[in-house]
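**Q** Going by our numbering, the first residue of the sequence shown is number 527, and it counts up by one from there. C-beta atoms are modelled at their ideal positions from N, C-alpha and C, and glycine is treated no differently. Values in this document were obtained by computation on a predicted structure and should not be read as measured data. What follows is a structure written as structure tokens; I'll ask about it next.
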Amino acid sequence: MTIRLILRLRRQLAEARKETTRLGRDLHSLDGEIADVRYANTQLRQEAKVALARQVAAMQTFDQLTAERQRLLAKLEQAVDWATEVGRVNACIDQQNQRLTAENERLRRELAALTRPVAKVIPLQKRGAA
527 MTIRLILRLR RQLAEARKET TRLGRDLHSL DGEIADVRYA NTQLRQEAKV
577 ALARQVAAMQ TFDQLTAERQ RLLAKLEQAV DWATEVGRVN ACIDQQNQRL
627 TAENERLRRE LAALTRPVAK VIPLQKRGAA
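Structure below.
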């Protein structure tokens, strides 16, 4: 029975050694995978930093463009107000010009009615010939 026990123990030891060898290979393989995952993680972190920097830059640009848009909208509103005021002033000037044109016409007619030719002017060259 002792021999059987020794043989069985030797078989178990051989199997345990095989299992230990296999586990060692698996552990070595897992170490390689862990190293690959760590490297990939480092790469992803670097890419994430770059992407985050781009997002921050884009947000800053967006904020700047929004501020510039607001400034331009305020200028546009001011320009529209000025154009409206200029339109009103031009309308007033047009009305005044129409009134003055009518007044000038009336005065021309009155002056024409008041002015009578005193004498017909004959040029000197024609006086001697006549």
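(1) Please return the same chain residues whose Cβ sits closer than 8 Å to the Cβ of Leu602, not counting the five positions on each side in sequence.
(2) Just the C-alpha distance for Leu539 and Met527, rounded to the nearest angstrom, thanks.
(3) Whose C-beta lies closer than 6 Å to the C-beta of Gln604 among residues of the same chain, with five residues either side of it excluded?
(4) Report the three-state DSSP secondary structure of Thr641 (helix, strand or coil).
(5) Using only the alpha-carbon positions, how far apart do Asp589 and Arg595 sit?
**A** For this structure:
(1) By 1-based counting over the sequence shown, the position of residue 602 is 76. Excluding positions up to five away in sequence, the list is empty.
(2) Within the sequence shown, numbered from 1, the residue matching residue 539 stands at position 13. Within the sequence shown, numbered from 1, the residue matching residue 527 stands at position 1. Roughly 18 Å between the two C-alpha positions.
(3) Residue mapping note: residue 604 aligns to position 78 of the sequence shown, counting from 1. So no residue of the chain qualifies.
(4) Locating residue 641 in the sequence shown gives position 115, counting from the first residue. Of the three classes helix, strand and coil, the one that applies to Thr641 here is coil, per DSSP.
(5) As a working mapping, residue 589 is identified with position 63 in the sequence shown. As a working mapping, residue 595 is identified with position 69 in the sequence shown. Their backbone Cα atoms lie some 10 Å apart in a straight line.
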